[in-house]
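Chemist: Pasting in a structure now, in structure tokens, and then I'll have a few things to ask.
Residue numbers (my numbering): 144 to 701.
Written as structure tokens, this is what we have:
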């Protein structure tokens, strides 16, 4: 019941205010001894305190100074005269009652202060709720930020528990985790130490909760209570919980996302949880599920990549070993064919010459494929040797022209060179650039019909002025500055737009009748791409199907 305390020594005031307060149906208490007031207020809080400043034997200033620490939730009303001038006392008063004021006005002032006090209490409670909500939101935001910063499953579970501790201040949590270790584990976070018997009881409880989630279906993981591993973290080991923890308020939630189940968590608290607490608890348990799924996918991706890297390494080793093993007998075959064709083993008839020449041509072709395989395995293993120096790109064009002149002539083609004079030097390995250009010209010879021409051109360009198909944008956007550009243009079968980017894929051959006819390993262009990239340049092509193709490579100037 609301209590009104009157401090006065005047009998008429005591009688008057007792009647007013009783009419308001409030509890009335009066005191006149200033020494007892503090003791009374410390034991019995009063909503309204009325102090008669006109009582001669009461030291108002002294009483107010003593009461200050007990008046936080009370309204102080002062009975005064019209000429009251104690300014230092006025600041503590909530209202003033003139000595000869009517009963109705006094009753109204008391009622008004009670309503004001009630409104302030509601405002205080609302502010407290807002502060609690704001604190929980900050805890949720902080926890979400931590979730976003890691793909470590153990850290994610720890962040979840830290977030719950910040937002809810739990006494004890039991988390059955299927994602932090190879086997199921029960993570116990407790304020105080737990006995072995209590831990066994918690193990049984959490396993029963877990199994109850899948009453209608199969368990995602089998859990044995006896062998279930326990990891506990105790804040204050000096104290100990007992079985009364099962009388605490508690909440339970699975940690899952769709078909992905990561475990479950139960939280205990000595004081009751609110609806907002329950919402916060469920939100954190759900929030951690998505990063746990991402962490699972990331782990699977890492393991898959590791397996792929291992397979790639084994493949490269296999190619290297097989290529070396093939090269040795092939060298003997080639030497034997050369000796037989020279006539040192006897007369070579026209029929013999035809078949021996065919065998030699195919052994050379096989040797080229083996060399491509060896080069590719060296590049992928990072073991390709380079000898960089300042050089003139036109010397590479002249070398390739003289080397392939017989091949071009035998095919009935014309090889044209258009070299820009006085080009700036490039820092390159001339042997590797010769290998690239030889590959491009050889391809042009393969796919160009008899009677047509192939043009090799060199020029100086700036990366901003390069023109290329959209599919090469990502590759060529990396270029910056001046480059020496070499192009090989043919009048061959051409390449469709959808196949342009794939010409540089390993073992790729664009499907048409002529490509199947000429054959090849499909490694020449991928090797050329790797070699040009080692020179910090780029290689690309453009083509019109049925009209021909142009292959380009650019190397930065010194």
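Glycine included, C-beta positions come from ideal geometry on N, C-alpha and C.
1. Where are the beta strand (DSSP E) runs, 3 residues long or more, that stay fully inside the region 452-539, in chain order?
2. Going by the CB atoms, is the gap between residue 333 and residue 372 shorter than 8 Å?
3. Please confirm whether residue 700 and residue 623 have their CB atoms less than 8 Å apart.
4. Kindly identify the DSSP beta-bridge partner or partners of residue 571.
5. According to DSSP, is residue 639 part of a helix, a strand, or is it coil?
6. Under three-state DSSP, which class holds residue 156?
7. Nearer than 7 Å: is that true of the beta carbon of residue 428 relative to any heavy atom of the ligand ZN?
8. State the DSSP-derived secondary structure class of residue 144, mapped to helix, strand or coil.
9. Within a Cβ cutoff of 7 Å, which residues of the same chain sit near residue 683, ignoring the five residues on either side of it in sequence?
10. Rank 489, 384, 253 and 363 by C-alpha distance to the C-alpha of residue 402 and give the top, closest one.
11. Quick test of the definition: if touching needs 3 or more C-beta pairs under 8 Å, does the region 251-262 touch the region 272-287?
12. Taking all protein chains shown into account, decide if residue 190 is buried (16 or more other Cβ within 10 angstroms of its Cβ) or exposed.
13. According to the Cβ coordinates, are residue 601 and residue 559 closer than 8 Å?
14. Take the Cβ of residue 307 as the centre, count every other Cβ of all protein chains shown within 10 Å, and call the residue buried at 16 or more, exposed below.
15. Pick out the complete beta strand (DSSP E) segments inside the region 227-307, 3 residues or longer, and give them in chain order.
16. Do residue 516 and residue 666 have their CB atoms nearer than 8 Å?
17. Report the start-end ranges of each beta strand (DSSP E) in the region 314-365 that is 3 residues or longer and not cut off at the edges.
18. Sort 298, 320, 159 and 176 by Cα distance to residue 243 and report the nearest one.
19. With DSSP as the reference, identify every bridge partner of residue 697, one or two as the case may be.
20. Examine the Cβ distances between the region 418-431 and the region 383-390 and report whether three or more of them are shorter than 8 Å.
21. So the candidates are 312, 144 and 329; which of them puts its Cα closest to the Cα of residue 352?
22. Considering only C-alpha positions, which residue in the set 319, 419 and 446 is nearest to residue 406?
23. Let me check one thing: in DSSP terms, what residues is residue 394 bridge-paired to?
24. Among 599, 687, 262 and 542, whose alpha-carbon lies nearest the alpha-carbon of residue 628?
25. For residue 561, which residues in the same chain have their Cβ closer than 8 Å to its Cβ, ignoring the five residues on either side in sequence?
26. With 16 other CB atoms within 10 Å as the buried threshold, where does residue 456 fall?
27. Give a yes or no on whether the C-beta atoms belonging to residue 713 and residue 542 are separated by under 8 Å.
28. Please return the same chain residues whose Cβ sits closer than 8 Å to the Cβ of residue 488, not counting the five positions on each side in sequence.
29. In terms of residues, what are the limits of the alpha helix (DSSP H) holding residue 193?
30. Under the DSSP definition of a beta bridge, which residues are partnered with residue 381?
31. Could you name the residues of the same chain whose beta carbon sits closer than 6 Å to that of residue 325, not counting the 5 residues immediately before and after it, in chain order?
32. Am I right that residue 299 and residue 441 are in contact with their C-beta atoms under 8 Å? What's the rounded C-beta distance?
33. Identify whether residue 594 lies in helix, strand or coil by the three-state DSSP scheme.
34. So what does DSSP say about residue 204, is it helix, strand or coil?
35. Run through the DSSP bridge pairs and tell me what residue 174 is partnered with.
36. Roughly how many angstroms lie between the CA atoms of residue 655 and residue 580, to the nearest whole one?
Modeler: Answer, in terms of the structure:
1. 532-534
2. For the purposes of this step, residue 372 is identified with residue 229 of the chain shown, where counting begins at 1. For the purposes of this step, residue 333 is identified with residue 190 of the chain shown, where counting begins at 1. No, the pair does not count as a contact, with Cβ atoms beyond the cut-off.
3. Within the chain shown, the letter at position 557 stands for residue 700. Within the chain shown, the letter at position 480 stands for residue 623. No, they are not a contact pair.
4. As a first step, residue 571 must be located in the chain shown, where it is residue number 428. Beta-bridge pairing links residue 571 to 532.
5. Position 496 of the chain shown, counted from the first residue, corresponds to residue 639. If DSSP states are grouped into helix, strand and coil, residue 639 belongs with coil.
6. The residue given as residue 156 occupies position 13 in the chain shown. It is helical.
7. Among the components of this structure there are no ligands whatsoever, and the ligand ZN is therefore not found.
8. To locate residue 144, count along the chain shown from 1; it is residue 1. Of the three classes helix, strand and coil, the one that applies to residue 144 here is coil, per DSSP.
9. Residue numbering aside, residue 683 sits at position 540 when the chain shown is read from its first letter. Around residue 683: 611, 615, 618, 619 and 695.
10. Indexing the chain shown from 1 puts residue 402 at position 259. Closest option to residue 402, Cα to Cα, is 363.
11. Put simply, the region 251-262 does not touch the region 272-287. Fewer than three CB pairs are less than 8 Å apart.
12. Within the chain shown, numbered from 1, the residue matching residue 190 stands at position 47. With 16 or more other Cβ atoms within 10 Å, it is buried.
13. Position 458 of the chain shown, counting from 1, holds the residue named residue 601. Position 416 of the chain shown, counting from 1, holds the residue named residue 559. Cβ distance not < 8 Å, so residue 601 and residue 559 don't count as in contact.
14. Position 164 of the chain shown, counted from the first residue, corresponds to residue 307. The residue in question, residue 307, is buried, as its Cβ has 16 or more Cβ neighbours within 10 Å.
15. 238-241
16. Taking the chain shown and counting its residues from 1, the one referred to as residue 516 is at position 373. Taking the chain shown and counting its residues from 1, the one referred to as residue 666 is at position 523. In contact: residue 516 and residue 666 (Cβ atoms closer than 8 Å).
17. 315-320 and 328-336
18. Position 100 of the chain shown, counting from 1, holds the residue named residue 243. The shortest C-alpha separation from residue 243 is found at 159.
19. Position 554 of the chain shown, counted from the first residue, corresponds to residue 697. Residue 697 is bridged to 628 and 681.
20. no
21. Here the question's residue 352 lines up with position 209 in the chain shown. The shortest C-alpha separation from residue 352 is found at 329.
22. Your numbering for residue 406 matches position 263 in the chain shown. Looking at the Cα atoms, 319 is the closest of the given residues.
23. The residue you call residue 394 lines up with position 251 of the chain shown. 410, per the DSSP bridge assignment.
24. Here residue 628 corresponds to residue number 485 of the chain shown, with the count starting at 1. Of the listed residues, the one whose Cα sits closest to residue 628 is 599.
25. To locate residue 561, count along the chain shown from 1; it is residue 418. Contacts found: 598, 599, 600 and 601.
26. Here residue 456 refers to the residue found at position 313 of the chain shown. With fewer than 16 Cβ atoms within 10 Å of its Cβ, residue 456 is classed as exposed.
27. With the chain running from 144 to 701 in the structure shown, residue 713 is simply not present.
28. Taking the chain shown and counting its residues from 1, one reaches residue 488 at position 345. Here the set comprises 482.
29. The count along the chain shown starts at 1 and reaches residue 193 at position 50. That residue, residue 193, is in no alpha helix (DSSP H); its beta strand (DSSP E) goes 191-195.
30. Here residue 381 corresponds to residue number 238 of the chain shown, with the count starting at 1. The partner list for residue 381 (beta bridge, DSSP) is empty, contrary to what the question assumes.
31. For the purposes of this step, residue 325 is taken as the residue at position 182 of the chain shown. Answer for residue 325: no residue qualifies.
32. Walking along the chain shown from the start, residue 299 turns up at place 156. Walking along the chain shown from the start, residue 441 turns up at place 298. In fact, because the Cβ distance is near 12 Å, the residues do not count as touching under 8 Å.
33. Position 451 of the chain shown, counted from the start, is the residue given in the question as residue 594. Residue 594 falls in the coil class under three-state DSSP.
34. Numbered from its first residue, the chain shown carries residue 204 at position 61. Of the three classes helix, strand and coil, the one that applies to residue 204 here is helix, per DSSP.
35. Within the chain shown, residue 174 is the residue found at index 31, counting from 1. Looking at the DSSP assignment, residue 174 forms a beta bridge with 150.
36. Counting from 1 along the chain shown, the entry for residue 655 is found at position 512. Counting from 1 along the chain shown, the entry for residue 580 is found at position 437. Any reading at residue 655 must be qualified, since the residue scores a pLDDT of 44, below 50, and its modelled position is unreliable; no value is offered.
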